[in-house]
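Trainee: Next up is a structure, given as structure tokens.
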Amino acid sequence: MKRNVVILMMVLLAGISSKTIAQTEKQPNVILITLDGLRWQELFSGADPLLVANKKYVGDTTGLKAKFWRDTPEERRTVLMPFFWNKVQKMGQLHGNRNAGSKVDLTNKMWFSYPGYNEILTGEADDERINSNRKENNPNKTILERVNNLPAYKGKVAAFGSWDVFPFIVNEARSGVPVNAGFKIAEGNDLTEREIFLNQLQSEIPSPWGSVRLDAFTQHYALEYMKRKHPKLVFISYGETDDFAHDGDYDSYLKSAQNTDGLIEELWKFTQQDPFYKDNTTFIITTDHGRGTDPLDTWRGHGSSINGAGSVWVVAFGKGVSALGEITKEEQLYTNQIAPTVIKNLGVTLEGPSFKGKPLSLDKK
Ligand SMILES: [Zn+2]
26 MKRNVVILMM
36 VLLAGISSKT
46 IAQTEKQPNV
56 ILITLDGLRW
66 QELFSGADPL
76 LVANKKYVGD
86 TTGLKAKFWR
96 DTPEERRTVL
106 MPFFWNKVQK
116 MGQLHGNRNA
126 GSKVDLTNKM
136 WFSYPGYNEI
146 LTGEADDERI
156 NSNRKENNPN
166 KTILERVNNL
176 PAYKGKVAAF
186 GSWDVFPFIV
196 NEARSGVPVN
206 AGFKIAEGND
216 LTEREIFLNQ
226 LQSEIPSPWG
236 SVRLDAFTQH
246 YALEYMKRKH
256 PKLVFISYGE
266 TDDFAHDGDY
276 DSYLKSAQNT
286 DGLIEELWKF
296 TQQDPFYKDN
306 TTFIITTDHG
316 RGTDPLDTWR
326 GHGSSINGAG
336 SVWVVAFGKG
346 VSALGEITKE
356 EQLYTNQIAP
366 TVIKNLGVTL
376 EGPSFKGKPL
386 SLDKK
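Position 32 of the sequence shown, counted from 1, bears residue number 57 in our numbering, the numbering being contiguous throughout.
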């Protein structure tokens, strides 16, 4: 009798847990993407007239103009980021064109990377404690950690970044969220052939920088992992744009912006042919900070002393996002709204502290 009760309970529990898993599978997925330090100016107006032919920042001005210079900002942005301006404009939303009245701002006052990513990923600025880029574990819990702590989402969250500070921002050690960032390789017994090849290539293709890898590695480590494990919440942070800008290399900054536009298109196409992600995935894309414009040389930098470095942008498309295109009305959004938006679009309820910022109503027509 007792044994039968135990068996009955086990059968019931198995039924419940497989039902929970099936329900979780049907919940929407979110891919949160950042392009480090890409200015709203290039996103909405393409190549900058003051920089594209400037010999101080461009090696081959004729070549760069042929590639990226056109007469109008609309043509220039389309040639720079064709996926954003041909496809995303039709199926999603682009916020942050200050020339059109749409403003997106950081709420942290630091205007550099760790504070920016902390704000994006936790939903709150913490200028008291997050005020350097040092490799120190984040005392704050990111939404990646909080979602990964939900029993139904355990192991269904993953982060990929080109910058080697992400394991600390996400607090990989505490959160249990796997972070493949910097020059980390893919690990495990079930790696695909491509992952094994990526591990080899990464050591054979030197990065121009000490702490940031080329974005193609971040891209393909993320893609292979998504094919293999189907995480429901993915964070991908591309880094090249910021580093080429710091280098004062406007050619490479533009080419990298164009390349990243293509990487995001590749991700979108992958999700649309994978039954797990197809028509059930929200893309939210933003940046950790802006850069300067005046004096001209401040385009290379950011931080609290650089005018305009707190001005950012948000782009979204996919599941639950209305096709509003470029927002050309007065609005004021903030970066601390992104984390609650991700949670809202995932359709989960978190325990613990509520968010300061309101989620964006991406589904509003
Ligand atoms: Zn930077």
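Just so you know, even glycine gets a beta-carbon here, dropped at the ideal spot from N, CA and C.
Are the region 48–66 and the region 301–316 touching, with three or more C-beta to C-beta distances below 8 angstroms?
Mentor: Flag = yes, the region 48–66 and the region 301–316 touch.
Trainee: Check Gln-52 in the structure and name its three-state DSSP category.
Mentor: Translated into positions along the sequence shown, residue 52 becomes position 27. Coil at Gln-52, not helix or strand.
Trainee: Rounded to whole angstroms, what is the Cα-Cα separation between Tyr-275 and Asn-79?
Mentor: Looking up residue 275 in the sequence shown gives position 250. Looking up residue 79 in the sequence shown gives position 54. Roughly 9 angstroms between the two C-alpha positions.
Trainee: Can you tell me whether Glu-197 is buried or exposed? The criterion is at least 16 other CB atoms within 10 Å of its CB, across all chains shown.
Mentor: On the sequence shown, residue 197 is found 172 positions in, with the first residue counted as 1. So Glu-197 counts as buried.
Trainee: On a CA-only basis, which of Ile-309, Asp-240 and Gly-372 is nearest Trp-188? Give me that one, please.
Mentor: Along the sequence shown, read from residue 1 onward, the residue named residue 188 stands at position 163. Among Ile-309, Asp-240 and Gly-372, the Cα nearest to that of Trp-188 belongs to Asp-240.
Trainee: Could you tell me if the beta carbon of Gly-62 falls within a distance shorter than 7 angstroms of some heavy atom in ligand 1?
Mentor: By 1-based counting over the sequence shown, the position of residue 62 is 37. Yes.
Trainee: What are the residues that DSSP puts in a beta bridge with Asp-130?
Mentor: Counting from one through the sequence shown, the residue named residue 130 turns up at place 105. Ser-336 and Tyr-359, per the DSSP bridge assignment.
Trainee: Just how far apart, CA to CA, sit Trp-293 and Glu-67?
Mentor: Within the sequence shown, numbered from 1, the residue matching residue 293 stands at position 268. Within the sequence shown, numbered from 1, the residue matching residue 67 stands at position 42. Distance between the alpha carbons of Trp-293 and Glu-67: 22 angstroms.
Trainee: I want to check one thing, is the minimum distance from the CB of Phe-137 to the heavy atoms of ligand 1 below 7 angstroms?
Mentor: For this step, residue 137 is matched to residue 112 along the sequence shown. Yes, the Cβ of Phe-137 comes within 7 angstroms of a heavy atom of ligand 1.
Trainee: Helix, strand or coil: which one does DSSP assign to Tyr-178?
Mentor: Residue numbering aside, residue 178 sits at position 153 when the sequence shown is read from its first letter. Note: Tyr-178 maps to helix in three-state DSSP.
Trainee: Select from Lys-252, Pro-233 and Glu-355 the residue whose C-alpha is nearest the C-alpha of Glu-218.
Mentor: The count along the sequence shown starts at 1 and reaches residue 218 at position 193. Per the Cα distances, Lys-252.
Trainee: Whose C-alpha, out of Ser-347, Pro-378, Trp-338 and Val-373, is nearest the C-alpha of Ser-127?
Mentor: The residue labelled residue 127 in the question sits at position 102 within the sequence shown. Looking at the Cα atoms, Trp-338 is the closest of the given residues.
Trainee: For the beta strand (DSSP E) that Phe-308 lies in, which residues bound it at each end?
Mentor: Counting from one through the sequence shown, the residue named residue 308 turns up at place 283. Here the beta strand (DSSP E) through Phe-308 covers 306–311.
Trainee: Would you identify the three-state DSSP class for Ile-261, choosing helix, strand or coil?
Mentor: Along the sequence shown, one-based indexing puts residue 261 at 236. Reduced to three states, the DSSP call for Ile-261 is strand.
Trainee: Write down the C-beta distance between Asn-361 and Leu-387 rounded to the nearest angstrom, noting that I regard them as a contact closer than 8 angstroms.
Mentor: Within the sequence shown, residue 361 is the residue found at index 336, counting from 1. Within the sequence shown, residue 387 is the residue found at index 362, counting from 1. Actually they do not touch by this definition, with Cβ atoms about 16 angstroms apart.
Trainee: Could you tell me which residues DSSP pairs with Thr-59 in its beta bridges?
Mentor: Residue 59 sits at position 34 when you count from the first residue of the sequence shown. Thr-59 is bridged to Ser-262 and Thr-311.
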